[in-house]
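See structure below.
Protein chains: 2
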Amino acid sequence: MSRVLGGEYPVSADTRARVLRAVRELDYVADARAKAIAGSGTPTLAFVLEDITRPSFAHMAQGVEREAARLGHLCLVCSTDGNPKQEMGFIEMMRAQRAAAVILVGGAADTPEYRERTRKIADSLASAGSRLVLCGRPPLGPDAPVTAIEYDNEGGAHALVAHVLTQGHRRVLFLGGPPDHTTAQGRVRGYLDAHRARGLEPDPELLLHGDFTRDCGYRLMRRALAQRLEFTAVVAATDLVAAGALTALHEAGLDVPGDVSLAGYDDIPFARDLHPALTTVHVPYQELGRLAVRSALNRSAGNAATHLLLGTHVVVRDSVAHVGP
Amino acid sequence: MSRVLGGEYPVSADTRARVLRAVRELDYVADARAKAIAGSGTPTLAFVLEDITRPSFAHMAQGVEREAARLGHLCLVCSTDGNPKQEMGFIEMMRAQRAAAVILVGGAADTPEYRERTRKIADSLASAGSRLVLCGRPPLGPDAPVTAIEYDNEGGAHALVAHVLTQGHRRVLFLGGPPDHTTAQGRVRGYLDAHRARGLEPDPELLLHGDFTRDCGYRLMRRALAQRLEFTAVVAATDLVAAGALTALHEAGLDVPGDVSLAGYDDIPFARDLHPALTTVHVPYQELGRLAVRSALNRSAGNAATHLLLGTHVVVRDSVAHVGP
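These protein sequence lines map, in sequence, to chains A and B.
When we follow full-length UniProt numbering, the leftmost residue of the first sequence carries the number 1, and every step to the right adds one.
When we follow full-length UniProt numbering, the leftmost residue of the second sequence carries the number 1, and every step to the right adds one.
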């Protein structure tokens, strides 16, 4: 049983009461269905993402779906639009289906509520013989029945920003990403560390937060230009943010990389079709998806790695130029 | 019962046998589960797409998921990678779940096999009180228990190509899309009709088929350039194809639209971030998804439109220029 249920985890009495009630409901409904379905039908895998229109998630989902198919499992996807009620409803259904694994992808705010909720889900799934896989999501403690697969946001951002600094840039704008979101935080940490590794302290004014969308990149870049913010390079939280920023720069009559250098993150297929082709960080999303499926299904086979970190690497294209002497 | 099952539909005896066997299997498994689950849990909606990485599908899925949530339904998505076995396994499961509707999206080859298979699915779902919705897929006969929602591929392509011809172009390359795929066929028909409406007969050499991906656009354009094919404008089957073609043109040192004009189809968000911003045809994918959900769920409420056609319109940006005298 989880810490929360075991009462070790420091939460208020009524939080615990809420958790316990939720678990009872979850178990009640789940068991009713599980008894009913058990044994029948194709083995399934479930994949939960927040926004189905984000290419990085879509490519991860494709990796999951292909590997699941290869291993004879049907993959069900649920796009929650960030709504925890939908996520819970789906997970409950997948538990009832005796899904072999439920894969949650995408960063989140790593709050006590997040950990409680996720731990509860992990225990509930485990008790039904199903495995929770966190893919790019904040992992739980080592004793949680969870497989965590992460990719190196911090290392990738560090290498990318080091490349930009090597080109002589000293005022580098960081664009986009929610400040409380672990994916964005990792990329910001890499941005800061790359500066500090060279004895530089970036101007806090140069950190502009938002979300991961194209529209956010466009909006933030327009604002930065309107405010006459000084910078010679931009590192976007995602390729989508970079695409919006690029259009805002073009509309302002600026040349990339002639006037401003620009880099993204994710290496989605579209990155090479931007003009100039976008320098970015490659994240192996397809492989992440495949790996999530394999590690979830192979546990029984003994090789139960429960925490994996995939590397990322910089892809140098044409959007970052040398400046200064 | 469907024509196939009723024996009116002209199919071979063994085809009918196969169909009947499949229906029995479907009913057997479905009923076993349906009995079990009936009544329990959140009402669900199912959405089946071929390729989760295609932005047009992703935006349709988002529309479905948001409208489903608004109406208190949980939406399950299945990406089949074009594998009918996966599609069937998912549909069977959704029938067992008593999903309110199963929405199939994306064009297909409109063959007798397609019609038989789809009709069988429609009847099986109907017998379980679930509704089949075909979204951009070839519709069945008027008597099939199906809601068909299409968008005007032909009209959109006609308007787009007319715009290109008005700019003085006379050799317009059509790029991408499988020749037997109804979505591609509609767009090709519009391309041909727009020419013929002006008394022009396009050179058959200028129709280069492939698929709907970015890589296909890149590959086909490189081949067209290598073959010294003569053209002053390119109309791509999708924005993704256009993106790949644009990169191939840039790599060949050609200016768009200075040397070659380029247009796409779909108006995915990225289209405006290409440089030059892409002239394309807007397809209301989000609204298509929302409409699919509403029309599937509102049937009981009496307003049972079973065949809807959504309009498309040209979005003129910067990628098509005037040529000639």
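Every residue, glycine too, gets a C-beta built ideally from N, C-alpha and C.
Since the structure is predicted, the reported quantities are computational estimates derived from the model, not experimental observations.
Below the 8 Å Cβ cutoff, chain A contributes no neighbours of residue 234 of chain B, its closest Cβ being approximately 14 Å away.
In summary, the residues of the region 233–267 of chain A whose CB is separated from some CB of chain B by less than 7 Å are 243, 244, 246, 247, 250, in the order they occur in the chain. Within the model, the alpha-carbon separation for residue 180 of chain A versus residue 172 of chain B is close to 50 Å.
When DSSP states are grouped into helix, strand and coil, residue 52 of chain B belongs to the coil group. Excluding five sequence positions before and after residue 277 of chain B, the CB atoms of its chain that fall closer than 6 Å to its own CB belong to 317, 318, given in chain order. Residue 62 of chain B has a beta carbon lying within less than 7 Å of a beta carbon in chain A. In this chain, the beta strand (DSSP E) harbouring residue 150 of chain B covers 146–151. The three-state reading of DSSP puts residue 272 of chain B in helix, counting H, G and I together. A residue is called buried when at least 16 other Cβ atoms come within 10 angstroms of its Cβ; residue 51 of chain A meets this threshold and is buried.
With 16 or more other CB atoms across the displayed protein chains lying within 10 angstroms of its CB, residue 97 of chain B is buried. Against chain A, the CB of residue 59 of chain B has a partner CB under 7 Å away; the residue lies at that interface. Flagged as an interface residue toward chain B: residue 52 of chain A, by a C-beta distance shorter than 7 Å. Per DSSP, the beta bridge partners of residue 315 of chain A are A/280. Proximity of chain A to residue 77 of chain B at the Cβ level (cut-off 8 Å) is accounted for by 52, 76, 77, 78, 79, in chain order. Going by C-alpha positions, residue 314 of chain A is about 19 Å away from residue 212 of chain A. Within the same chain, 176, 216, 220 come within 6 Å of residue 210 of chain B by CB-CB distance, once the 5 residues on both sides are set aside.
Residues of the region 267–294 of chain A with a C-beta atom less than 8 Å from some C-beta of chain B are 269, 270, 272, 273, 274, 275, 277, listed in chain order.
The beta carbon of residue 214 of chain A sits closer than 7 Å to some beta carbon of chain B.
Residue nearest to residue 214 of chain A within the set A/193, A/239, A/233, A/311 is A/239 (criterion: CA-CA distance).
Contact between residue 185 of chain B and residue 261 of chain B does not hold, since their C-beta atoms are separated by about 24 Å, which reaches or exceeds 8 Å. Counting only runs of 4 or more residues that sit fully inside the region 96–165 of chain A, the alpha helix (DSSP H) segments are 112–127, in chain order.
In this structure, A/288 is the residue among A/324, A/169, A/309, A/288 with its C-alpha nearest to the C-alpha of residue 62 of chain A. DSSP places residue 195 of chain B in the uninterrupted alpha helix (DSSP H) bounded by 182–196. Nearest Cα to residue 103 of chain A within the set A/111, A/116, A/87: A/87. Against chain A, the CB of residue 118 of chain B has no partner CB under 7 Å away; the residue lies outside that interface. Residue 229 of chain A carries a coil assignment under DSSP once its states are collapsed to helix, strand and coil. In the three-state DSSP reduction, residue 208 of chain B falls in the strand class (E or B). According to the DSSP assignment, residue 307 of chain A belongs to the beta strand (DSSP E) that extends over 307–310.
Under the Cβ distance rule, residue 89 of chain A counts among the residues neighbouring chain B, one pair being separated by less than 7 Å. For residue 42 of chain A, the closest Cβ of chain B is nearer than 7 Å. Between residue 67 of chain B and chain A, the shortest Cβ-Cβ separation is not below 7 Å. Taking every protein chain shown into account, the CB of residue 307 of chain B has fewer than 16 other CB atoms within 10 angstroms, so this residue is exposed. According to DSSP, residue 261 of chain B shares a beta bridge with B/233. The beta carbons of residue 152 of chain B and residue 311 of chain B sit closer together than 7 Å. The three-state reading of DSSP puts residue 254 of chain A in coil, since its state is none of H, G, I, E or B. Straight across, the Cα-Cα distance linking residue 267 of chain B with residue 320 of chain A is about 28 Å.
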